[in-house]
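Taking this note's numbering as reference, the numbering of the sequence shown is continuous, increasing by one, and the terminal residue is 816. Cβ atoms here follow ideal geometry from the backbone N, Cα and C, with glycine treated the same way. In this text the structure is predicted, and so the values were computed from the model without any measurement. What follows is one structure encoded as structure tokens, with my remarks underneath.
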Amino acid sequence: MKQPVRVAVTGAAGAISYTILFKIAAGELLGSDQPVILQLVEIPPAMGALEGVVMELIDCAYPLVAGIQTADNPEDGFKDADIAFLIGAKPRGPGMERADLLMGNAQIFSRQGKALNDNAAKGVKVLVVGNPANTNALIAARNAPDLDPRQFTAMTRLDHNRAVGILADKVGAQASDVEGAIVWGNHSPTQYPDLHGCTVAGKPALDLIDRDYYEGTYIPQVAKRGAAIIDARGASSAASAAQAAINHIHDWVLGTHGKTVSMSVPSDGAYGIAPGVIYSFPVVCEGGDYKIVHGVEISEFSRGLMTHTDDELRSEKAAVETLLLA
Ligand code: NAX
Numbered sequence: 491m492k493q494p495v496r497v498a499v500t501g502a503a504g505a506i507s508y509t510i511l512f513k514i515a516a517g518e519l520l521g522s523d524q525p526v527i528l529q530l531v532e533i534p535p536a537m538g539a540l541e542g543v544v545m546e547l548i549d550c551a552y553p554l555v556a557g558i559q560t561a562d563n564p565e566d567g568f569k570d571a572d573i574a575f576l577i578g579a580k581p582r583g584p585g586m587e588r589a590d591l592l593m594g595n596a597q598i599f600s601r602q603g604k605a606l607n608d609n610a611a612k613g614v615k616v617l618v619v620g621n622p623a624n625t626n627a628l629i630a631a632r633n634a635p636d637l638d639p640r641q642f643t644a645m646t647r648l649d650h651n652r653a654v655g656i657l658a659d660k661v662g663a664q665a666s667d668v669e670g671a672i673v674w675g676n677h678s679p680t681q682y683p684d685l686h687g688c689t690v691a692g693k694p695a696l697d698l699i700d701r702d703y704y705e706g707t708y709i710p711q712v713a714k715r716g717a718a719i720i721d722a723r724g725a726s727s728a729a730s731a732a733q734a735a736i737n738h739i740h741d742w743v744l745g746t747h748g749k750t751v752s753m754s755v756p757s758d759g760a761y762g763i764a765p766g767v768i769y770s771f772p773v774v775c776e777g778g779d780y781k782i783v784h785g786v787e788i789s790e791f792s793r794g795l796m797t798h799t800d801d802e803l804r805s806e807k808a809a810v811e812t813l814l815l816a
């Protein structure tokens, strides 16, 4: 039997966790031969609700679960963690300004970055899901001086999966026929779902849909899908977010076998995106590491949208600069 892998999850009593924890425990994250220890982190007022989630996890009698621990603080919760899903975040309250939201989260993620630095396994892989995810990941990375910034990533896999799923649905194909879709930039409505190098069953995607649909309908539909789901179901996307978070870490650990996926990772200057932000790029994963895919052709149209979403990330960064430099 393999040694258990320690998986920490913040926001463990929340909606996304109510799906993801059961997927992790069932072996969907790391495979059906990999035991896991779940380290569930919440804020003190949510510890009662978390106990209910723990009861349900126990009641599933999962063969792969080698332990379940709970903590009301990240320092204990991240102890020896090999993988950390940072899902809990401060939600936008009524009338709250964007700057207040950024600062509230900057405080949470600077503490969590320090806690990972001081307590987690040295090779910990971190996925930030809590919004604003890219800037939260940047703050956590900057507060973890002993860890490699490349260990901190943010989730744009849901946007990637939406780009694939919505395209497949439109042209009457299966999601598995779609290859080469890319989501560039920020996990926000400024993101850019790029189909220029994408194929569906080997045919160029942009030959299958018309340009007006692509620019006028498809791009905003992918980018604003989260809001459409809230309008329709009266609650935000949780199951699809959990699935995407599983996909992100599964692929990072176990590889994409040559397939390109989208991950928000620290920019290394690729595609003219200056270092200093966590930006969604096309990547392939192998041997427990990810690599930005180079050589994607960038049209003038693409460049405009890639710069627009980069500008937004840099303005978020400027708004929290003091905490970044902590
Ligand atoms: P919920 O409000 O259902 O759950 C959040 C949980 O986090 C709550 O139980 C809360 O007590 C906990 N929490 C808050 N601050 C915490 C802290 N400092 N430490 C530990 N736990 C803390 O939200 P849910 O629907 O689960 O969404 C979680 C986050 O994911 C939100 O920020 C949301 O905006 C974000 N999303 C990000 C997505 C992405 O693609 N990157 C998509 C889905 C989702 O909207």
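beta-carbon residue 605 near the ligand NAX non-hydrogen atom, thresh 7 Å: Position 115 of the sequence shown holds residue 605. For the ligand NAX, not one heavy atom lies less than 7 Å from the Cβ of residue 605.
Close-in-space but distant-in-sequence residues of the same chain around residue 534 (CB under 6 Å, 5 per side omitted): By 1-based counting over the sequence shown, the position of residue 534 is 44. So the qualifying residues of the chain are 562.
Three-state secondary structure assigned by DSSP to residue 524: Residue 524 sits at position 34 when you count from the first residue of the sequence shown. Here residue 524 sits in coil by DSSP.
Status (buried if at least 16 other CB within 10 Å, exposed otherwise) for residue 550: Taking the first residue of the sequence shown as 1, we reach residue 550 at position 60. So residue 550 counts as exposed.
C-beta atoms of residue 599 and residue 624 nearer than 8 Å: Position 109 of the sequence shown, counted from the first residue, corresponds to residue 599. Position 134 of the sequence shown, counted from the first residue, corresponds to residue 624. No, these two residues do not count as a Cβ contact at 8 Å.
Inter-residue spacing [alpha-carbon to alpha-carbon] between residue 760 and residue 793: To locate residue 760, count along the sequence shown from 1; it is residue 270. To locate residue 793, count along the sequence shown from 1; it is residue 303. C-alpha separation (whole angstroms): 13 Å.
Near the ligand NAX: residue 817 beta-carbon under 7 Å from a heavy atom: This structure cannot speak to residue 817, because the chain is shown only from 491 to 816.
Segment contact flag, the region 722-735 with the region 501-515, C-beta cutoff 8 Å, min 3 pairs: yes
Three-state secondary structure assigned by DSSP to residue 679: On the sequence shown, residue 679 is found 189 positions in, with the first residue counted as 1. In the structure shown, residue 679 sits in coil (DSSP, three-state: anything other than H, G, I, E or B).
Touch test, the region 744-752 against the region 655-667, Cβ-Cβ under 8 Å, three pairs minimum: no
Simplified DSSP state of residue 562, which is helix, strand or coil: By one-based count along the sequence shown, residue 562 stands at place 72. Three-state DSSP puts residue 562 in coil, outside helix and strand.
Close beta carbons around residue 807, own chain, < 8 Å, minus the five adjacent residues each side: Indexing the sequence shown from 1 puts residue 807 at position 317. The residues are 625, 628, 766, 767, 814.
Member of 524, 660, 530 whose CA lies at the smallest distance from the CA of residue 498: As a first step, residue 498 must be located in the sequence shown, where it is residue number 8. The residue with the shortest Cα to Cα distance from residue 498 is 530.
Neighbourhood of residue 739 by C-beta, 7 Å cutoff - its chain only, sequence neighbours within 5 removed: Taking the sequence shown and counting its residues from 1, the one referred to as residue 739 is at position 249. Only 519, 573, 615, 617 meet the Cβ criterion.
Among 662, 647, 565, 612, nearest to residue 671 - alpha-carbon criterion: On the sequence shown, residue 671 is found 181 positions in, with the first residue counted as 1. Looking at the Cα atoms, 647 is the closest of the given residues.
Range of the contiguous beta strand (DSSP E) that encloses residue 544: The residue you call residue 544 lines up with position 54 of the sequence shown. Taken as a continuous stretch (DSSP letters only), residue 544 belongs to no beta strand (DSSP E), being part of the alpha helix (DSSP H) at 537-549.
Per DSSP, cross-strand counterpart(s) of residue 742: In the sequence shown, counting from the first residue as 1, residue 742 sits at position 252. Looking at the DSSP assignment, residue 742 forms no beta bridge with any residue, so it has no partner.
Residue 592: CB within 7 Å of a non-hydrogen atom of the ligand NAX: Along the sequence shown, read from residue 1 onward, the residue named residue 592 stands at position 102. Short note on residue 592: C-beta not closer than 7 Å to any heavy atom of the ligand NAX.
Inter-stretch contact (C-beta, 8 Å, three-pair minimum) for the region 585-597 and the region 774-792: no
Under the three-state DSSP convention, the category residue 694 falls into: Translated into positions along the sequence shown, residue 694 becomes position 204. Three-state DSSP puts residue 694 in a strand.
For residue 657, the three-state DSSP class (helix, strand or coil): Stepping through the sequence shown from its first residue, residue 657 is reached at position 167. The answer is helix: DSSP assigns residue 657 an H, G or I state.
Bridge partner(s) assigned by DSSP for residue 575: The sequence position of residue 575 within the sequence shown is 85, counting from 1. 499, 617, per the DSSP bridge assignment.
Check: residue 727 C-beta below 7 Å from any heavy atom of the ligand NAX: By one-based count along the sequence shown, residue 727 stands at place 237. Yes, Cβ of residue 727 sits closer than 7 Å to a heavy atom of the ligand NAX.
Contact test: residue 623 Cβ vs the ligand NAX heavy atom, cutoff 7 Å: What you label residue 623 is simply residue 133 of the sequence shown in a count that begins at 1. Yes, since a heavy atom of the ligand NAX falls inside the 7 Å radius drawn around the Cβ of residue 623.
Cα-Cα separation between residue 553 and residue 516, rounded to whole angstroms: Taking the sequence shown and counting its residues from 1, one reaches residue 553 at position 63. Taking the sequence shown and counting its residues from 1, one reaches residue 516 at position 26. The alpha-carbon atoms of residue 553 and residue 516 are separated by roughly 8 Å.
Beta-bridge partners of residue 820, as assigned by DSSP: For residue 820 there is no data in the structure shown, the boundaries of the chain being 491 and 816.
Own chain, CB closer than 8 Å to residue 804, minus 5 neighbours either side, in chain order: The residue given as residue 804 occupies position 314 in the sequence shown. Closer than 8 Å at the Cβ level, and outside the excluded window around residue 804, lie 766, 767.
Local Cβ density within 10 Å of residue 643, reported as buried at 16 or more and exposed below that: Locating residue 643 in the sequence shown gives position 153, where the first residue counts as 1. Buried, because 16 or more other Cβ atoms sit within 10 Å of the Cβ of residue 643.
Distance, residue 663 Cα to residue 683 Cα: As a first step, residue 683 must be located in the sequence shown, where it is residue number 193. As a first step, residue 663 must be located in the sequence shown, where it is residue number 173. Those two C-alpha atoms are separated by around 18 Å.
Residue 689 - DSSP class collapsed to helix/strand/coil: What you label residue 689 is simply residue 199 of the sequence shown in a count that begins at 1. Strand.
Rounded separation between residue 492 and residue 522 - CA only: Mapped onto the sequence shown, residue 492 falls at position 2. Mapped onto the sequence shown, residue 522 falls at position 32. Rounded to the nearest angstrom, the two C-alpha atoms are 11 Å apart.
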